[in-house]
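Peer 1: Residue numbers (this note's numbering): 120 to 369. After the structure tokens below, expect a handful of questions from me.
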Ligand code: PEP
């Protein structure tokens, strides 16, 4: 982590939760935030955004969404627009998560447009990039992550200084296999260099790591100079584990 960038720890609940469980988990997280100074967000399923807005009100917790429509409004059944998210106090929206790319056919261009919609609504897109195991083993990691980020840079121009990038190696998501701190730092440095070539403000863009980050491995990952926080799936569903990660980011 660099002292010039405020760390961000964002939980991604994926399709988990329920009214009662959300309250218990969120209240436990909020009550443990006092000792930390980093940004903390929870990206929750859309039906729970109103509940999360109420639970986060007056606390340091920020509300996040897991996706946003590439369209502004209109006949797009099932989609949720950036302006609608904003109505519920959403500050961050994940775009291009590998599960969306894999199961919903999201292309680099769609992900770039989603980032654009979020930015236009004053929401920070958490832009996910990452290689599959086959791509890593074929030596294609650099090519893949740079191609994914290039699309977002191309579409968003100077606005990219307002994004957060999440490096999430697909082989590490939900598998218990974590990139080593050195592997993660190597890719983060590549992404930082790409951002620097595109924006004079690249030094302030946060690049967070995601992929089986947990209470035991967070401190080592977060100690790397270009790792500015974490996007946390499984471990964000356990208050104690999530808070350990938050505290490792201070
Ligand atoms: C994620 O879904 O973004 C993620 C990183 O999941 P996990 O922490 O469970 O690997």
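Ideal Cβ placement from N, Cα and C applies to all residues, glycine included. All values derive from a computational prediction rather than experimental measurement.
1. Closer than 7 Å by C-beta to residue 280: which residues in its own chain qualify, once you throw out the five before and the five after it? Chain order, please.
2. Please say whether residue 248 and residue 276 have beta carbons closer to each other than 8 Å?
3. Would residue 334 pass as a contact of residue 363 if the rule is Cβ separation under 8 Å?
4. Going by beta-carbon coordinates alone, are residue 187 and residue 172 separated by less than 8 Å?
5. At which residues does the alpha helix (DSSP H) containing residue 364 begin and terminate?
6. Run through the stretch 209-284 for me and flag every whole alpha helix (DSSP H) of 4 or more residues, listed as ranges in chain order.
7. Whether or not the stretch 237-248 and the stretch 189-201 are in contact is what I'm after, with contact meaning three or more pairs of Cβ atoms, one per stretch, closer than 8 Å; do they touch?
8. Round the Cβ separation of residue 303 and residue 211 to the nearest angstrom and send it over; I've been treating them as touching at under 8 Å.
9. Could you check whether the Cβ of residue 194 sits closer than 7 Å to any heavy atom belonging to the ligand PEP?
10. Using the three-state DSSP reduction, which class does residue 128 fall into: helix, strand or coil?
11. Is residue 133 near the ligand PEP, judged by its Cβ being under 7 Å from some heavy atom?
12. Taking all protein chains shown into account, decide if residue 206 is buried (16 or more other Cβ within 10 angstroms of its Cβ) or exposed.
13. At what residues does the beta strand (DSSP E) containing residue 181 begin and finish?
14. Since I believe residue 131 is in contact with residue 350 (beta carbons under 8 Å), could you give me their beta-carbon distance rounded to a whole number of angstroms?
15. Name the two residues that bound the continuous beta strand (DSSP E) containing residue 350.
16. So is residue 143 buried or exposed if we call it buried at 16+ other beta carbons inside 10 Å?
17. What are the boundary residues of the alpha helix (DSSP H) that residue 158 is part of?
18. Hey, could you find the ends of the beta strand (DSSP E) residue 326 is sitting in?
19. Is it the case that the stretch 163-170 contacts the stretch 133-141, given that we only count it when at least three CB pairs across the two stretches are under 8 Å?
Peer 2: Checking against the coordinates, here is how it stands:
1. 318, 320, 323, 324
2. no
3. yes
4. no
5. 358-367
6. 217-222, 227-239, 252-256, 260-275
7. yes
8. Going by Cβ atoms, the distance from residue 303 to residue 211 rounds to 21 Å, so no, they are not a contact pair.
9. no
10. strand
11. yes
12. exposed
13. 180-184
14. Taking 8 Å as the upper bound for CB-CB distance, residue 350 and residue 131 are in contact here, some 6 Å apart.
15. 348-351
16. exposed
17. Careful: residue 158 lies outside any alpha helix (DSSP H), inside the beta strand (DSSP E) at 158-163.
18. 325-329
19. yes
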